[in-house]
Structures are given as C-alpha cells and as structure tokens.
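The sequence shown begins at 1 in UniProt numbering and counts up by one. Below is one structure; the comments refer to it alone.
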Amino acid sequence: MAEPSLPSSPPGPAIPGNIPEYTVSEISGAVKRTLEGAFSRVRVRGEITEFKRYPSGHLYFSLKDEGGKIAGVVWRGQASRLGLQPENGLEVIATGRVTAYGERSSYQLTVERMEYAGVGALLARIERLKQKLLEEGLFDQNRKRPLPLLPNVIGIITSAQGAVLHDIRTTIARRFPRDLLLWPVPVQGEDAAGRIAMAIEGLDRRTGGDTGIPRPDVMIVARGGGSLEDLMSFNEENVLRAVAACSIPLISAVGHETDTTLIDFVSDRRAATPTAAAEIAVPSRAEMIVDLAHRAARLHGAILGLLRSAQHLVRLAANKVLDAPSLLDGTRQRLDDRGHRLRIALPNLIAGRKSALLSTDRHLPPPRSAVEARRTHIVVRSEALQREARHLLDSCRLRFKHLRGAAPAVQGLLRDKEGHLARLSSQLEAMSPTAVLSRGYAMVLDDRDQVVTTSGRLRAGAKVDLVFQDGRRAARIEPDAARQTTLNL
C-alpha cells in the first residue's frame, strides 16, 4: 500500500526531532484519500447488527465478525436495489466502497448491493420456491382440509429410528389409542425428498382392498430438529407438491418449535413438535368424557327448563279455557230450578185464576163462554211455557256438545306450541358463540374490540384480548424470532 500523500509542512519554528506538523483537516483528508483509493470497490462478509431505517430512507447498520466491526450505510436511492431486505442477525456479503467521515474520525462502508452468505444461498432458493408456490395458490387457507375429530387410522411418515416415532406413539396411546400405519423414510440426505414424496403419494393411494391394510384418516409427516441443511428435504418442490395433491388431511411436525419449513405452509395443520402433532391428531379421551358429562348436565338442565316453561304455558292456556263440566253442572242446576219453578207456578196460577173466577162468579152471572175462553188461554200459556223450557234445554245441550268438541283442538294447539318452542331452543343453542368457545376455541379482539381473523393484522407489540368461555385475558403480540433466524420470511 502506498504511503499517504501529505502536503508539505508550512513554515514555522523548528520542531524538535525534525517531525513534520499537520493540521487535523490535512490528516483527515489524507486518510480519506488513502482509504478510498486503496478500497475503491470491495466485497465484505459479515453479520448485520445495529440496523436502523431512518425517516429519510437511508439505512444505517454495522457488519461484524469474530474479530471486528465496520459501520455501513445504504443511501435512499440504492435501498430498493440491494437485492435483499437487510435485518439484524443476517449474514451477508456486501459490495461497495470504503469511505471516511472526517468530522467523526471514522470510516464506513457505502453499500451498493447485498447477497446471502453461507446458508443464505439456501434461504434465497427457499424464498424463490416459496414465491412460486404462493403465486400458484398452494398456501391458500381455503385449500386446507379439516382434521377428523377421532380418526381410526393415523399414517406416520418419519424415520423408523429415533425419538420422534416413540414420542408420537406414546402420546397417542396416552390420549386416545388408535391404529398407527408407519411408512419409514430417511428424513435427510440426497434421496430423502423423493422417498418422503413417494410415501405421501403411497398412503394417499391406499384404499384398503385385498391387502387388509386400511387407508389412514389423517397423516403426520415428522422429524426432529436440525440445521437448515438437515431440514432441506422438507423444502423440496416434489415433497410440497405431493402434500398439496394429497387428499388425506396432513399435519406437518418438522423440527423444533423455532424451525419453519415450506411444508408447514402447504400442509393442513402445522405442529411445533412431533408430540404436538400427536396431540392435534387425536383428542384426549379423559377430556372428552368430562366434556360429555358437562354437556349431558347442561342438556338435562335445558330439558327441565323447557318442561317447566311448557307446563307454565299449559297452565296459562288452561286458565283461559272454559270449564266444561262446571258449565254443564250450572246449566243443569238452572234447568232444574226453572223446571221446579214452572211446576209450582202453573198450579198456583191456576189456583189464583180459579179463585178470581169464583170471586167474580159471585158477583156476575156465570158466563160459560168466558170460562171456556179463559181455560183455553191458560192451556196455551202452559204449552208456551213448556216449549220455552224444551228450547232452553236443547240450547244448553248443544252448547255442552260444542264445548266437549273444542277440548281436543285446544290440546293439539298446545302440543304444536310446545314443539315449536323446542325447535327454537335447539336453534338458539346451535347459534350461540358460547357453545363454540366451550369446545376450546378463543376469539382474538384488537384494541378496538374488533374480531381478528388473520395474523397479518397484528404487529409486534400490539395488545389484544383473548376471549374464552369463562372470561377474557389481555395479551401482547411478541416478535416471531423463528422467521428471522430460519427462513427470513
């Protein structure tokens, strides 16, 4: 490297030791010219740290390795052409030039382009495949199939050795024992992706038939944790397309909780660990027994409540219906009373008229014609009274028959009302959101009490409320570190 070019020292008093004298600006300028001349264009490999994006659009960060650290900057006009999205913890190869900042006696790397270093090449490949499959719609939520509540046969695609298979077996045996169908495959290596894809397609084509081996109701693809290179078999396109074409609901359980592979996006459900996949595949028998007992108690209470309500309605309706026996008894009593009065009134009337006639007869000569006319009048009046009594009796009997015929219609109306009330109660219970929450679900509300249905609406640090069956709890959205350290999605 050439020596720094410095200007001649200005005239002045002699300096001991014959050492030249420079101003600060001269030294700063000489260092700047030396750095920019010797490192006009360089490629620097390091890990991004202290990353900041300013409102002006400029990006400031540092690149570090085991032995040192250098400041870096990307100007606003170059930020959109970097080639990747910089973030803390990302190892990159930055291309640019070294410049000096004299006012702070520091130097920095002005970056024009960045690319992944080391596993970054794998990440770039995964990112390209992800975008391709995303455009084809393989990640759409409407493609994902629901899992059966209690599968009879569970297909397992994993290595025959290791703790993964043991964990799945013991978890299913503990929660709800089911038949397991194992298709052993290598989970890493050159031919692992092809073997995994073939296993998925093989289990999907199985129909039972003459082989006696049943077709799985749900499928689990699992392996333990590992590096990005170890998990690459589950990022291969043939495996992802086999999962997308599979007609059996599939659960992916690849790696540990912080590991993410593309199979997680294509599968119907993603489990953080193989043990969690087994817990998703089958329900807990003990929890189901408790839930059934709880539901039975609620159903019994609801039926009792409906019966009480129906009985109350019946009593109200009965109070409004005429009492036919009482009405008939009253009519009979009135008929007897009027008949008795009629029997008494007629002799008394005759006796009174006879007495009047005798009294008149004493004063008048006895007119036979007048007596006969009076007798005829009395007979007519007696017949009229008898006809009125018979008419009144017939009317009472007809009304009594009408009341007896109306009683079944009233009872049928009450039965129809009870059936309608039972149907309305069933519909109300089916539409109740509390019934959904009682099955283990929860609603997520944002700070405006609006229901959140997609994760994209929530930013890191956002406050939410989780609504359960018995109340609500506050929560905060934490940054998803797994996506930064693995796929940088």
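Beta carbons: idealized from backbone N, C-alpha and C, even for Gly.
Residue burial classification, residue i (beta-carbon count within 10 angstroms, cutoff 16)
i, result
"N319", "exposed"
"W183", "buried"
"E236", "buried"
"S426", "exposed"
"Q131", "exposed"
"G471", "exposed"
"V221", "buried"
"G330", "exposed"
"A474", "exposed"
"S252", "buried"
"P20", "exposed"
"S395", "exposed"
"P86", "buried"
"R269", "buried"
"L307", "exposed"
"A286", "exposed"
"V379", "exposed"
"I344", "exposed"
"S233", "buried"
"D264", "buried"
Backbone secondary structure at residue i - three-state DSSP
i, result
"G57", "coil"
"R270", "strand"
"E115", "strand"
"K144", "coil"
"R76", "helix"
"F234", "helix"
"E383", "helix"
"V243", "helix"
"I280", "helix"
"R285", "helix"
"R97", "strand"
"L327", "helix"
"V187", "coil"
"A474", "strand"
"G305", "helix"
"E66", "coil"
"E257", "coil"
"T453", "coil"
"E3", "Reliability of the predicted coordinates at E3 is poor, the pLDDT of 49 falling under 50, and no value is obtained from them."
Short Cβ contact (8 Å threshold) for residue i with residue j
i, j, result
"L445", "F468", "no"
"S105", "S28", "yes"
"I213", "R206", "yes"
"Y60", "V73", "yes"
"L35", "T99", "yes"
"R175", "E279", "yes"
"R169", "N152", "no"
"P249", "L147", "yes"
"P216", "I172", "no"
"A310", "L421", "yes"
"R97", "R41", "yes"
"V254", "L231", "yes"
"L63", "A30", "no"
"G461", "R476", "yes"
"L458", "V452", "yes"
"V243", "I289", "no"
"A384", "L342", "no"
"S382", "L327", "no"
"L240", "L90", "no"
"L335", "L424", "no"
"Q188", "G225", "no"
Selection from the options that minimises the alpha carbon distance to residue i
i, options, result
"G45", "Y101, G57, P184, R113", "Correcting the residue identity first, residue 45 is Arg in this sequence and not Gly. Of the listed residues, the one whose Cα sits closest to R45 is R113."
"L413", "V314, R473, Y441", "V314"
"A317", "V410, L150, R473", "V410"
"T110", "L328, H58, I156, S227", "H58"
"K52", "P186, G440, H256, A79", "A79"
"R71", "L90, Y107, V452", "The residue you asked about is not Arg; residue 71 is Ala in the sequence shown. Checking every option, the nearest Cα to that of A71 belongs to Y107."
"residue 492", "R332, P274, R457", "Only positions 1 to 489 of the chain appear in this structure, which leaves residue 492 out of reach."
"L358", "A345, A271, R374", "R374"
"M219", "D416, N18, I156", "I156"
"E229", "R457, T260, G89, L90", "T260"
"D65", "W75, V92, P86", "V92"
"P186", "Q386, S159, S227", "S159"
"G67", "R390, L203, S355, E47", "E47"
"A277", "A286, E257, E287, L262", "E257"
"M443", "H377, L424, L466", "L466"
"R387", "R128, G339, S355, K417", "G339"
"D291", "R415, G440, A271", "G440"
"A117", "E135, R43, D140", "R43"
Residue i beta carbon near the ligand MG (any heavy atom closer than 7 Å)
i, result
"T360", "Summarising the ligand content, the structure contains no ligands, and the ligand MG is consequently not present."
Q. Okay, do the region 190-200 and the region 293-302 touch, 3+ Cβ pairs below 8 Å being the bar?
A. As far as the Cβ criterion goes, the region 190-200 does not touch the region 293-302, which means the pair count is below three.
Q.
Could you check whether the region 396-403 touches the region 337-355, counting it as contact only if at least three pairs of C-beta atoms, one from each stretch, sit closer than 8 Å?
A. Contact fails: fewer than three Cβ-Cβ distances are below 8 Å.
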